[in-house]
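**Q** Quick mapping for you: the protein sequence lines, in order, are chains A and B. In this text, residue positions in the first sequence follow our numbering: the first is 4, and each later residue adds one. In this text, residue positions in the second sequence follow our numbering: the first is 91, and each later residue adds one. Built from N, CA and C at the ideal position, the CB exists for glycine as well.
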Amino acid sequence: MVYDISQLTDFHYSALKEISNIGIGNAVTSLATMLQSEVKIMTPDLNVSRIEKVADFSGGADKIVSGVLMKLFGSVRGYMVMLLPPESAQLICNTIIQEENSDITNPMNESLISEVGHILGSTYMTAFSDFLGVDVFASTPFHTYDMIGAIMDNILIQMSQEVEYAIILDTLFTLKGNDMHGKLLTLFDPVSLELILQKVDAMFH
Amino acid sequence: MRCFTDEFKTDIMIVIGMADYAVTRSPEKLTTLGLGSCVGIALYDPVTKIGGLIHIMLPTIENARYTDNRAKFADSGISILIEEMIKTGAVRRRMVAKIAGGAKMFSFNNDANMNIGERNVLATKAVLEELKVPIIAEDVGKNYGRTVVLDTNTGDYYIKSAIKGEIII
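(1) Around the Cβ of Pro-117(B), are there at least 16 other Cβ atoms within 10 angstroms (buried) or fewer (exposed)?
(2) Between Ser-195(A) and chain B, is the shortest Cβ-Cβ distance under 8 Å, so that the two count as touching?
(3) When you compare the CB of Ala-185(B) with every CB in chain A, is at least one pair closer than 8 Å?
(4) Pull up the distance between the alpha-carbon of Phe-98(B) and that of Glu-174(B), whole angstroms please.
(5) Look up Ser-251(B) in the DSSP assignment and give the residues it is bridged to.
(6) Check whether the segment 156-166 of chain B and the segment 97-115 of chain A touch, using three or more Cβ-Cβ pairs below 8 Å as the test.
(7) Quick one: Cα of Arg-184(B) to Cα of Lys-222(B), how far?
(8) Under 8 Å, do Ser-54(A) and Asp-149(A) count as touching if we go by C-beta distance?
(9) What does the Cβ neighbour count give for Phe-207(A), buried or exposed, with the cut at 16 atoms within 10 Å?
(10) Look at the Cβ atom of Tyr-234(B), then the Cβ atom of Ile-253(B), and state whether they are nearer than 8 Å.
(11) Please check if any C-beta of chain A sits within less than 8 Å of the C-beta of Phe-163(B).
(12) Taking all protein chains shown into account, do 16 or more other C-beta atoms lie within 10 angstroms of the C-beta of Gly-26(A), making it buried, or fewer, making it exposed?
(13) Residues bridged to Thr-178(B) by DSSP?
(14) Determine the closest residue to Ala-58(A) out of Ala-35(A), Leu-86(A), Met-37(A), with distance taken between C-alpha atoms.
(15) Can you tell me which of the three DSSP states Met-4(A) falls into?
(16) Going by C-alpha distance, which of Ser-132(A), Leu-34(A), His-146(A) is nearest Phe-140(A)?
(17) Decide if the segment 193-208 of chain A is in contact with the segment 88-102 of chain A; the criterion is three or more beta carbon pairs, one per stretch, under 8 Å apart.
(18) Measure from the alpha carbon of Ser-127(B) to the alpha carbon of each residue in Pro-224(B), Phe-163(B), Tyr-134(B), then state which is nearest.
(19) Just to confirm, are Ile-171(A) and Ser-52(A) a CB contact at a threshold of 8 Å?
(20) Considering only residues of the segment 111-156 of chain A, which uninterrupted beta strand (DSSP E) runs meet the minimum length of 3 residues and lie entirely inside it, listed in chain order?
(21) Please say whether Ser-117(A) and Val-71(A) have beta carbons closer to each other than 8 Å?
(22) Contact between the segment 153-170 of chain A and the segment 121-140 of chain B: three or more CB pairs below 8 Å?
(23) In chain A, what lies closer than 7 Å to Thr-237(B) by C-beta?
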């Protein structure tokens with residue numbers, strides 16, 4: 004069956020959200036253990052958007068964030084992106100290295116943020132692949148401190164060559180009460196999305 | 091694909107999204123946010139003070155699978171931008187170009203496809219040369235994102251980045 008991304012059924016919507024929920028649950032638990040603090044996650048949001056609009060609705064194209072990007076390999080391909088506002092990135096650094104006002108643009112802290120992104124991304128993907136029975140791995144993380152539009156456009160350009168629409172699983176997580184907000188975005192390429200939906204159909208019908 | 095400036099007349103600053111363009115005249119300003127590998131091409135006619143700005147994502151419309159949005163590509167996009175400016179009253183032989191963007195945001199070097207920023211810049215330059223629009227200033231490449239503003243009153247092109255501050259070209 005060929006799935007039209009822009010016309011997913013309600014069932015597929017809920018299934019993708021639920022799978023994403025399992026992934027993010029695991030990911031954030033590992034982060035909470037590392038930071039030894041309480042974590043809250045919002046129910047993941049699933050959005051189908053024209054590629055050109057993705058950066059806008061990820062929080063504003065010119066908003067400056069600490070971004071970590073991973074490519075997904077295996078039978079499912081795509082990208083994962085973690086976006087942290089500067090204050091949240093700083094809070095994570097402060098908590099881990101036990102310092103006040105750490106400088107998030109210093110290379111040590113940049114790699115720390117990358118690792119946090121990597122832990123989140125790979126735990127998410129492990130839960131995801133266990134659940135669906137597909138192989139998927141997250142690449143080493145790439146970090147940059149820049150505008151959301153600039154961080155995302157490379158991925159969107161890659162995707163726009165094959166598809167017009169992107170499905171974005173978008174989860175907001177907060178740690179330490181409401182002091183820290185992060186976003187975890189997952190984008191799958193069209194072939195992978197089809198595989199995922201087939202697995203979902205096989206599982207529930 | 092917004093080209094009818096009228097609907098934006100209430101706003102002094104017109105925001106252009108990804109794969110989008112707009113044309114306007116003094117005193118309005120045109121802006122596009124967070125250019126990474128994409129390129130922001132500003133065209134300007136200093137006499138009529140008509141300016142156009144386009145935010146392209148890919149070098150060429152040739153062999154592209156989806157071609158409904160021509161503003162996505164350097165070649166087709168720049169052509170429609172010029173046409174639209176002429177319709178608004180600009181004169182083609184007076185047009186000058188300033189370009190910004192085309193960064194290489196991440197260093198996954200092995201992936202030839204990933205250096206799309208450089209390919210976008212090369213394509214932009216080739217298209218402008220073919221269309222005989224001189225590039226009088228540029229700020230391209232490197233590894234950071236840019237937000238740009240074209241001031242149609244002066245033709246100044248403001249470029250702001252997250253860590254490198256602001257410049258005017």
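**A** Reading from the atomic positions:
(1) Position 27 of the second sequence holds residue 117(B). So Pro-117(B) counts as exposed.
(2) Locating residue 195(A) in the first sequence gives position 192, where the first residue counts as 1. So, not an interface residue.
(3) The count along the second sequence starts at 1 and reaches residue 185(B) at position 95. A quick correction: the sequence has Met, not Ala, at residue 185(B). Closer than 8 Å: no.
(4) By one-based count along the second sequence, residue 98(B) stands at place 8. By one-based count along the second sequence, residue 174(B) stands at place 84. Residue placement at Phe-98(B) is flagged as unreliable, the pLDDT there being 43, under the threshold of 50; a coordinate-derived value is accordingly withheld.
(5) On the second sequence, residue 251(B) is found 161 positions in, with the first residue counted as 1. BP columns for Ser-251(B) point to Arg-236(B), Gly-255(B).
(6) no
(7) By 1-based counting over the second sequence, the position of residue 184(B) is 94. By 1-based counting over the second sequence, the position of residue 222(B) is 132. About 10 Å.
(8) On the first sequence, position 51 is the one that residue 54(A) refers to. On the first sequence, position 146 is the one that residue 149(A) refers to. At residue 54(A) the sequence reads Ile, which differs from the Ser that was named. Not in contact: Ile-54(A) and Asp-149(A) (Cβ atoms no closer than 8 Å).
(9) The residue given as residue 207(A) occupies position 204 in the first sequence. The residue is exposed, with fewer than 16 neighbouring Cβ atoms inside 10 Å.
(10) Taking the second sequence and counting its residues from 1, the one referred to as residue 234(B) is at position 144. Taking the second sequence and counting its residues from 1, the one referred to as residue 253(B) is at position 163. Cβ distance < 8 Å, so Tyr-234(B) and Ile-253(B) count as in contact.
(11) Taking the second sequence and counting its residues from 1, one reaches residue 163(B) at position 73. Cβ-Cβ to chain A under 8 Å: no for Phe-163(B).
(12) Translated into the one-based positions of the first sequence, residue 26(A) becomes position 23. So Gly-26(A) counts as buried.
(13) The residue labelled residue 178(B) in the question sits at position 88 within the second sequence. In the DSSP output, where bridge partners are listed per residue, Thr-178(B) has none listed.
(14) Here residue 58(A) is taken as the residue at index 55 of the first sequence, counted from 1. Among Ala-35(A), Leu-86(A), Met-37(A), the Cα nearest to that of Ala-58(A) is on Leu-86(A).
(15) One-based indexing of the first sequence puts residue 4(A) at position 1. Its pLDDT being 46, under 50, Met-4(A) is placed unreliably in this model, and the value from its coordinates should be taken loosely. Of the three classes helix, strand and coil, the one that applies to Met-4(A) here is coil, per DSSP.
(16) Looking up residue 140(A) in the first sequence gives position 137. Residue Ser-132(A) is the option with its Cα nearest to Phe-140(A).
(17) no
(18) If you number the second sequence from 1, residue 127(B) lands on position 37. For the residues Pro-224(B), Phe-163(B), Tyr-134(B), the minimum Cα distance to Ser-127(B) belongs to Phe-163(B).
(19) Your numbering for residue 171(A) matches position 168 in the first sequence. Your numbering for residue 52(A) matches position 49 in the first sequence. A contact, by the Cβ cut-off of 8 Å.
(20) 139-141, 145-150
(21) Sequence index remark: in the first sequence, residue 71(A) carries index 68 (1-based). Sequence index remark: in the first sequence, residue 117(A) carries index 114 (1-based). Against a cut-off of 8 Å, the Cβ pair of Ser-117(A) and Val-71(A) comes out as a contact.
(22) yes
(23) Walking along the second sequence from the start, residue 237(B) turns up at place 147. Residues of chain A passing the Cβ test: Asp-65, Met-150.
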